[in-house]
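The structure appears right after this line, and notes come after that.
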Amino acid sequence: MQTFTLNDGNKIPQLGLGFYLSESGEATVEYVKNGLKAGYRLLDTAAAYMNERSIAQGIRESGVPREEIFLTTKLWVQDYGYENATRAIDGALRRLDTDYLDLLLLHRPAGDNVGAYKAMEDAQKAGKIRSIGVCNHTVPQLTALMEQTTVVPAVNQMECHPLQQQKELRKLLAQHDIRLESWFPLGHGSKRLRFNEALNAIAEKNNKTIGQVILRWHLQEGFIAIPKSANPDHQKENLDIFDFRLSEEDMNTIRSLDAGRYLGGDPESPELFKKWQELRFELD
Ligand SMILES: NC(=O)c1ccc[n+]([C@@H]2O[C@H](COP(=O)([O-])OP(=O)(O)OC[C@H]3O[C@@H](n4cnc5c(N)ncnc54)[C@H](OP(=O)(O)O)[C@@H]3O)[C@@H](O)[C@H]2O)c1
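Sequential numbering of the sequence shown, starting at 450, is according to the numbering used here.
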């Protein structure tokens, strides 16, 4: 698996597997095992996905050594603030049955995200986390966080696909060498992408599927992509993108599809902010 190097020197696989909406239990255990068997090494979960224990079980049963796996999880808003986050980091380690996380992210920019981030900085110093970062932080939110903290985030995980290319945010990320990690990399199955004529023409020309072209576009832009598929055939298809390169012309065609369109909700919407702030999960 090819890697990118993060601003803290750690290496991260360019392609991973997402676990949003992967229910706790046997289905997630099998998803982890199939994915690792297929060759994936980055697993992206979150406290809010409520499936960390099943992911740990899948890793144990896979037989793949822990050190070969890049394990990401996220703190939910209810655990923000320094003290809460310090406890929540130990909770994540316990649920994931590991003594370190490769990457810990703040899931949403709500509440005392600064206090939570400071707890992550200290946990990184203590060796509990290798890399720290954020999700869903737009330019003003990320700027405010960086003004009040010390460690520059290694990653900002954002909705990103050909219809939402995060052009403004990417300028700030480039200034600080913060890596964009794309969630909804395939547009969450959006028909606007699956049946897009321009993408279809590029796919036919390269003898690949539209999904493979989109994932290849992410990697060539320098984004980490974490598509979700519990279907083993789709997992293999999504992994089969390291034997071709999109031409600059094809890259430009895909760049021209940007519509600044959010499919998962505008991260600066006050309604969504309120919703995330109030959402609570029963974590053990
Ligand atoms: N930080 C955040 O706030 C945040 C928010 C959302 C998501 N995420 C992360 O990003 C990950 C990916 O997002 P996502 O799962 O919602 O969207 P996605 O990866 O863009 O799309 C997943 C959808 O595409 C389908 N698919 C995948 N590969 C396919 C293929 N080769 N052919 C046909 N269909 C295919 C899947 O169906 P099948 O299962 O049938 O293949 C599924 O319906 C999440 O799992 C999560 O880890 C993070």
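We treat Cβ as the ideally placed atom computed from N, Cα and C, and that holds for glycine.
Small disclaimer: the values here were computed from a predicted structure and weren't measured.
Is residue i helix, strand or coil when you go by DSSP?
i, result
"HIS586", "coil"
"ASN605", "strand"
"TRP736", "Not covered by the structure: residue 736. The range shown for the chain is 450 to 733."
"PHE722", "helix"
"GLY467", "strand"
"ALA650", "helix"
"ILE627", "coil"
"ARG515", "helix"
"ASP528", "helix"
"GLU596", "helix"
If we ignore side chains and look at the alpha-carbon of each, how far apart do residue i and residue j end up?
i, j, result
"LEU554", "ASN645", "32 Å"
"PRO611", "ASN562", "29 Å"
"ALA537", "LEU524", "7 Å"
"ILE675", "TRP632", "6 Å"
"GLN613", "ILE508", "33 Å"
"LYS574", "PRO602", "14 Å"
"LYS482", "GLU510", "7 Å"
"LEU732", "GLY540", "8 Å"
"GLY488", "LEU520", "14 Å"
"ILE690", "LEU550", "27 Å"
"ASN655", "LEU642", "17 Å"
"GLY638", "SER678", "10 Å"
"GLU596", "ALA568", "16 Å"
"THR702", "GLN451", "25 Å"
"TYR480", "GLN606", "22 Å"
"LEU695", "ARG665", "7 Å"
"PRO719", "GLU727", "12 Å"
Can you have a look at residue i and say buried or exposed, based on whether 16 or more other CB atoms are within 10 angstroms of its CB?
i, result
"LEU693", "Note that residue 693 corresponds to Phe in the displayed sequence, not to Leu. PHE693 is exposed by the Cβ-count criterion."
"GLY582", "buried"
"SER471", "buried"
"LYS577", "buried"
"GLN463", "buried"
"PHE672", "buried"
"GLN506", "buried"
"ALA623", "exposed"
"GLY474", "exposed"
"ASN687", "buried"
"GLN615", "buried"
Since residue i is in the alpha helix (DSSP H), which residue starts that stretch and which ends it?
i, result
"THR535", "531-544"
"ASP715", "Here ASP715 belongs to no alpha helix (DSSP H), and DSSP marks it neither H nor E."
"GLU698", "697-704"
"ASP571", "562-574"
"ASP493", "Taken as a continuous stretch (DSSP letters only), ASP493 belongs to no alpha helix (DSSP H), being part of the beta strand (DSSP E) at 491-493."
"GLY507", "501-511"
"HIS667", "659-670"
"ASN645", "Note, ASN645: premise wrong, no alpha helix (DSSP H); not H, not E."
"ASN687", "681-688"
Quick one: give me the first and last residue of the beta strand (DSSP E) that residue i is part of.
i, result
"PRO462", "460-462"
"LEU477", "In the sequence on display, residue 477 carries Thr and not Leu. Taken as a continuous stretch (DSSP letters only), THR477 belongs to no beta strand (DSSP E), being part of the alpha helix (DSSP H) at 475-487."
"LEU455", "Careful: LEU455 lies outside any beta strand (DSSP E) and carries neither H nor E."
"LEU520", "519-524"
"LEU728", "Looking at the DSSP string, LEU728 is not in any beta strand (DSSP E), and its letter there is neither H nor E."
By DSSP's criteria, residue i is part of a beta bridge. Which residues make up the other side?
i, result
"SER580", "LEU552"
"HIS610", "GLN613"
"ALA674", "LEU464, SER631"
Of all Cβ atoms in chain D, is any one closer than 8 Å to the Cβ of residue i?
i, result
"THR454", "Of the chains in the structure shown, none is chain D; there is only one protein chain."
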